[in-house]
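Top to bottom, those sequences are chains A and B.
Okay, so the first sequence: first residue is 91 according to the numbering used here, each after it adds one.
Okay, so the second sequence: first residue is 91 according to the numbering used here, each after it adds one.
Beta carbons are placed, not taken as given, at the ideal position from N, Cα and C, and that holds for glycine.
Treat the numbers as computed from the prediction; the structure is a model and nothing was measured.
Please read the structure below before turning to the comments.
There are 2 protein chains.
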Amino acid sequence: MENNLNIFDFDPNAKTRHYKKGEIIQRKGEVNGYTFYVKQGLLRSYIIDSKAKEHIFMFAPEGWVIADVESLEFHSPTELFIDCLEDAEVMIFNHDCLFQPESSRETIIQSAKRLYRRMGVLQRRVIMQMSSPAVDRYNYFVQTYAELAHRIPQHMIASYLGITPQALSTIRGKKIKK
Amino acid sequence: MENNLNIFDFDPNAKTRHYKKGEIIQRKGEVNGYTFYVKQGLLRSYIIDSKAKEHIFMFAPEGWVIADVESLEFHSPTELFIDCLEDAEVMIFNHDCLFQPESSRETIIQSAKRLYRRMGVLQRRVIMQMSSPAVDRYNYFVQTYAELAHRIPQHMIASYLGITPQALSTIRGKKIKK
Numbered sequence: 091m092e093n094n095l096n097i098f099d100f101d102p103n104a105k106t107r108h109y110k111k112g113e114i115i116q117r118k119g120e121v122n123g124y125t126f127y128v129k130q131g132l133l134r135s136y137i138i139d140s141k142a143k144e145h146i147f148m149f150a151p152e153g154w155v156i157a158d159v160e161s162l163e164f165h166s167p168t169e170l171f172i173d174c175l176e177d178a179e180v181m182i183f184n185h186d187c188l189f190q191p192e193s194s195r196e197t198i199i200q201s202a203k204r205l206y207r208r209m210g211v212l213q214r215r216v217i218m219q220m221s222s223p224a225v226d227r228y229n230y231f232v233q234t235y236a237e238l239a240h241r242i243p244q245h246m247i248a249s250y251l252g253i254t255p256q257a258l259s260t261i262r263g264k265k266i267k268k
Numbered sequence: 091m092e093n094n095l096n097i098f099d100f101d102p103n104a105k106t107r108h109y110k111k112g113e114i115i116q117r118k119g120e121v122n123g124y125t126f127y128v129k130q131g132l133l134r135s136y137i138i139d140s141k142a143k144e145h146i147f148m149f150a151p152e153g154w155v156i157a158d159v160e161s162l163e164f165h166s167p168t169e170l171f172i173d174c175l176e177d178a179e180v181m182i183f184n185h186d187c188l189f190q191p192e193s194s195r196e197t198i199i200q201s202a203k204r205l206y207r208r209m210g211v212l213q214r215r216v217i218m219q220m221s222s223p224a225v226d227r228y229n230y231f232v233q234t235y236a237e238l239a240h241r242i243p244q245h246m247i248a249s250y251l252g253i254t255p256q257a258l259s260t261i262r263g264k265k266i267k268k
């Protein structure tokens, strides 16, 4: 992911904030139009289901962008919580500014390219959720987020994969033996 | 979804093809860089897993765009099959042309907006796959694809939802009784 911060210059009100590990920067139910770019640290987005169980949607390390895209698009209240797994430095900008006359063609191209890339990864995730055993999904996670595996607690990786921590432990145990 | 075909004028080689119901227009393993715009008819994309079972990724009626975005982005062979559930008229264009100097700012904006919208729907789908009971996922399907429900065979809706046809039958039976 490129670190060219000029790509966010379409929002004159973009601001940078510092957060502590554990701090929640977006809650369910907000209508904020915010997109978050991680300059430093590690964020995650997740939902809490009707049984009060957490399900992690994605992780966002340095250079990644994270947002509740459904909320941005449909101007509906956010479903996703976003919080910090590490102390973080985050640039916050307003999604709607991207399509204003002031934003350059190059800016829009960079955003579109980033979006297509994210979409490709999401497509893979949906397909694997539907059709792949947990061990394959774990291997894809490690391959995609190689540097993150040691920065994320095991129970959160399990949540992201939709399996129990015990099942993850078994998978990792078998990998080590090989 | 808008029907403004000018948004595909960035590809001077874009072509329109007619297909019959049941015709496969893309197979797994191709490196074609194609994106398909449905002018008329109904397409679907799906994978076939290691146990020869079909899993439907999405449906694309008139005005929708369908492609293997992971393949486009990473220039890898397609995972997704795409075929026609009805006789169809399809415009085929090359994804890479979108970011060439010839394509207008407005064209890129329209593509980006369409992509954000699709991304929002995909986000919802991942979240529901992780956390919602089948009945809720079925209701969301009906709400999202209202006009499609009667055009798609029940076993395909079941496949899309990741449940058995029998389970879908039970859900629909309970809905009718209410």
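- Message: For the region 137–158 of chain A, list every residue whose C-beta sits within 7 Å of some C-beta in chain B, in sequence order.
- Response: Of all residues in the region 137–158 of chain A, Ile137, Asp139, His145 and Phe147 have a Cβ within less than 7 Å of some Cβ in chain B.
- Verify the contact flag: Leu133 of chain A, CB atom, against every heavy atom of the ligand SAM, threshold strictly below 6 Å. This structure does not include the ligand SAM; it has no bound ligands of any sort.
- Task: Can you check DSSP and say which residues form a bridge with Cys174 of chain B?
- Result: Here residue 174 of chain B corresponds to residue number 84 of the second sequence, with the count starting at 1. B:Leu133.
- To which residues of the same chain is Asp101 of chain A closer than 7 Å at the C-beta, ignoring the five residues directly before and after it? The count along the first sequence starts at 1 and reaches residue 101 of chain A at position 11. The residues are Phe183, Asn184 and Cys187.
- Cα-Cα separation, Glu169 of chain A to Lys111 of chain B: Along the first sequence, read from residue 1 onward, the residue named residue 169 of chain A stands at position 79. Along the second sequence, read from residue 1 onward, the residue named residue 111 of chain B stands at position 21. Each residue's Cα considered, the two are about 38 Å apart.
- Message: Taking CB distances under 7 Å as the criterion, tell me whether Leu205 of chain B reaches chain A.
- Response: Translated into positions along the second sequence, residue 205 of chain B becomes position 115. It does: the Cβ of Leu205 of chain B has a partner Cβ on chain A nearer than 7 Å.
- Secondary structure of Lys203 of chain A, DSSP reduced to three states: One-based indexing of the first sequence puts residue 203 of chain A at position 113. If DSSP states are grouped into helix, strand and coil, Lys203 of chain A belongs with the helices.
- 7 Å Cβ cut-off: residues of chain A touching Ser201 of chain B: Counting from one through the second sequence, the residue named residue 201 of chain B turns up at place 111. From the beta-carbon of Ser201 of chain B, the residues of chain A found nearer than 7 Å are Ala202.
- 7 Å Cβ cut-off: residues of chain A touching Arg195 of chain B: In the second sequence, counting from the first residue as 1, residue 195 of chain B sits at position 105. Chain A residues near Arg195 of chain B: Arg195 and Ile198.
- Applying a beta-carbon distance threshold of less than 9 Å, which residues of chain B neighbour Lys164 of chain A? In the first sequence, residue 164 of chain A corresponds to position 74, counting from 1. In the sequence under discussion, the amino acid at residue 164 of chain A is Phe, which differs from the Lys named in the question. Chain order gives the chain B residues near Phe164 of chain A as Arg207 and Gly210, where near means a beta carbon separation below 9 Å.
- Quick one: give me the first and last residue of the beta strand (DSSP E) that Ala236 of chain B is part of. Your numbering for residue 236 of chain B matches position 146 in the second sequence. Taken as a continuous stretch (DSSP letters only), Ala236 of chain B belongs to no beta strand (DSSP E), as it is neither H nor E.
- Where Phe164 of chain B falls: helix, strand or coil (DSSP): Along the second sequence, read from residue 1 onward, the residue named residue 164 of chain B stands at position 74. It is helical.
- Message: Looking at the secondary structure, which residues open and close the alpha helix (DSSP H) in which Lys264 of chain B lies?
- Response: The residue you call residue 264 of chain B lines up with position 174 of the second sequence. First-last of the alpha helix (DSSP H) with Lys264 of chain B: Pro255 to Lys267.
- Are there 16 or more other CB atoms within 10 angstroms of the CB of Gln130 of chain B, so buried, or fewer, so exposed? Within the second sequence, residue 130 of chain B is the residue found at index 40, counting from 1. Residue burial annotation: Gln130 of chain B is exposed, with fewer than 16 other C-beta atoms found within 10 angstroms of its C-beta.
- Item | Whole-angstrom distance between Met148 of chain B and Val121 of chain B, CA atom to CA atom | Translated into the one-based positions of the second sequence, residue 121 of chain B becomes position 31. Translated into the one-based positions of the second sequence, residue 148 of chain B becomes position 58. In this structure, the alpha-carbon of Val121 of chain B lies about 20 Å from that of Met148 of chain B.
- Distance, Cα to Cα, Gly123 of chain A vs Glu152 of chain A? Sequence index remark: in the first sequence, residue 123 of chain A carries index 33 (1-based). Sequence index remark: in the first sequence, residue 152 of chain A carries index 62 (1-based). The straight-line gap from Cα to Cα measures roughly 21 Å.
- Between the region 224–234 of chain B and the region 246–263 of chain B, do at least 3 Cβ pairs fall closer than 8 Å? They touch, by the three-pair rule.
- Could you tell me which chain B residues have their CB closer than 7 Å to the CB of Ser221 of chain A, listed as they occur along the chain? Translated into positions along the first sequence, residue 221 of chain A becomes position 131. Ile137, Asp139 and His145, listed in chain order.
- Close Cβ partners of Asn93 of chain B (< 7 Å) along its chain, the five nearest in sequence each way excluded: Within the second sequence, numbered from 1, the residue matching residue 93 of chain B stands at position 3. Bear in mind that a pLDDT of 45 at Asn93 of chain B, under 50, signals an unreliable position, so the model cannot answer this.
- Task: Give a yes or no on whether the C-beta atoms belonging to His165 of chain B and Met220 of chain A are separated by under 7 Å.
- Result: Taking the second sequence and counting its residues from 1, the one referred to as residue 165 of chain B is at position 75. Taking the first sequence and counting its residues from 1, the one referred to as residue 220 of chain A is at position 130. For His165 of chain B and Met220 of chain A, no; Cβs fall outside 7 Å.
- Item | Under 8 Å from the C-beta of Phe189 of chain B: neighbouring residues of chain A | Residue 189 of chain B sits at position 99 when you count from the first residue of the second sequence. Ordered by position in chain A, the residues that pass the 8 Å Cβ test against Phe189 of chain B are Ile199, Ala202 and Lys203.
- Beta-carbon neighbours of Arg214 of chain B, restricted to chain A and to distances below 7 Å: The sequence position of residue 214 of chain B within the second sequence is 124, counting from 1. Those are Glu160, listed as they occur along chain A.
- Query: Can a CB atom of chain A be found closer than 7 Å to the CB of Ile217 of chain B?
  - Reply: Looking up residue 217 of chain B in the second sequence gives position 127. Interface residue, yes.
- Item | Minimum C-alpha distance to Gly119 of chain B - residue among B:Tyr109, B:Tyr136, B:Phe189 and B:Leu175 | Mapped onto the second sequence, residue 119 of chain B falls at position 29. Selection B:Tyr109, B:Tyr136, B:Phe189 and B:Leu175 evaluated against Gly119 of chain B yields B:Tyr136 as nearest (Cα-Cα).
- Task: Compile a chain-ordered list of the residues in the region 252–265 of chain A whose CB is closer than 9 Å to at least one CB of chain B.
- Result: Cβ contacts with chain B come from Gly252.
- Residues near Lys105 of chain B by beta carbon distance below 6 Å, same chain, minus five either side: By one-based count along the second sequence, residue 105 of chain B stands at place 15. Excluding positions up to five away in sequence, the list reads Ile182.
- Query: DSSP state of Asn122 of chain A, grouped into three classes?
  - Reply: Position 32 of the first sequence holds residue 122 of chain A. Per DSSP, reduced to three states, the secondary structure at Asn122 of chain A is coil, with no helix or strand assignment.
- State yes or no: is the C-beta of Ala202 of chain B within less than 7 Å of the C-beta of Ala157 of chain A? Position 112 of the second sequence, counting from 1, holds the residue named residue 202 of chain B. Position 67 of the first sequence, counting from 1, holds the residue named residue 157 of chain A. In this structure, Ala202 of chain B sits away from Ala157 of chain A, with a CB-CB distance that is not shorter than 7 Å.
- Message: So if I threshold CB-CB distances at 9 Å, which residues from the region 102–126 of chain A count as touching chain B?
- Response: Within the region 102–126 of chain A, no residue qualifies.
- Item | Option nearest Phe189 of chain A by Cα separation, candidates A:Gln200, A:His108 and A:Tyr109 | If you number the first sequence from 1, residue 189 of chain A lands on position 99. In terms of Cα proximity to Phe189 of chain A, the closest of A:Gln200, A:His108 and A:Tyr109 is A:Gln200.
- With distances taken from CA atoms, which of B:Ile198, B:Glu176 and B:Val128 is nearest Arg241 of chain B? In the second sequence, counting from the first residue as 1, residue 241 of chain B sits at position 151. Of the candidates B:Ile198, B:Glu176 and B:Val128, the residue whose Cα lies closest to the Cα of Arg241 of chain B is B:Glu176.
- Task: Please name the residue or residues paired with Ala150 of chain B in a DSSP beta bridge.
- Result: As a first step, residue 150 of chain B must be located in the second sequence, where it is residue number 60. The partner list for Ala150 of chain B (beta bridge, DSSP) reads B:Leu133.
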